[in-house]
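Visitor: Take the sequence shown: its letters are residues 803 to 873, numbered as in our numbering.
For each residue, glycine too, the CB sits at the ideal point set by N, CA and C.
Bear in mind the structure is a predicted one, so any value in this text is a computation, not a measurement.
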Amino acid sequence: MYFVPYRQTMKRDIQQEEDVFKLMALSEMLGIPNPVSFYTLELMPFVLEDFHEWHKRMGMEKSPLDGFRCC
Numbered sequence: 803m804y805f806v807p808y809r810q811t812m813k814r815d816i817q818q819e820e821d822v823f824k825l826m827a828l829s830e831m832l833g834i835p836n837p838v839s840f841y842t843l844e845l846m847p848f849v850l851e852d853f854h855e856w857h858k859r860m861g862m863e864k865s866p867l868d869g870f871r872c873c
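1) How long is the line joining the alpha carbons of Q810 and M860, rounded to whole angstroms?
2) What would DSSP say about K813, mapped onto helix, strand or coil?
3) For the segment 849-867 against the segment 821-833, are there 3 or more C-beta pairs whose distance is under 8 Å?
4) Have a look at D868 and E844 and give me their C-alpha separation to the nearest angstrom.
5) Between which residues of its own chain and S839 is the CB-CB distance below 7 Å, once the five residues before and five after are set aside?
This is how it looks when you write it as structure tokens:
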């Protein structure tokens with residue numbers, strides 16, 4: 803296969819892109835001003851699906867959001 807030698811690298815890059823996207827989508831809830839928060843509000847159901855794995859991967863033991871408990 804052509805992709806076999808680069809599978810880990812590609813998977814890691816995709817994971818990093820998803821992490822940055824989630825950070826941008828949740829930035830308003832984390833206290834970071836976001837000028838497009840109105841548009842990212844529509845994405846919340848999709849972002850919150852795997853929120854637990856994301857905040858654990860980012861090194862946060864508990865949920866950083868006050869109104870959202872997942873642990």
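Guide: Here's the rundown:
1) 19 Å
2) helix
3) yes
4) 20 Å
5) E830
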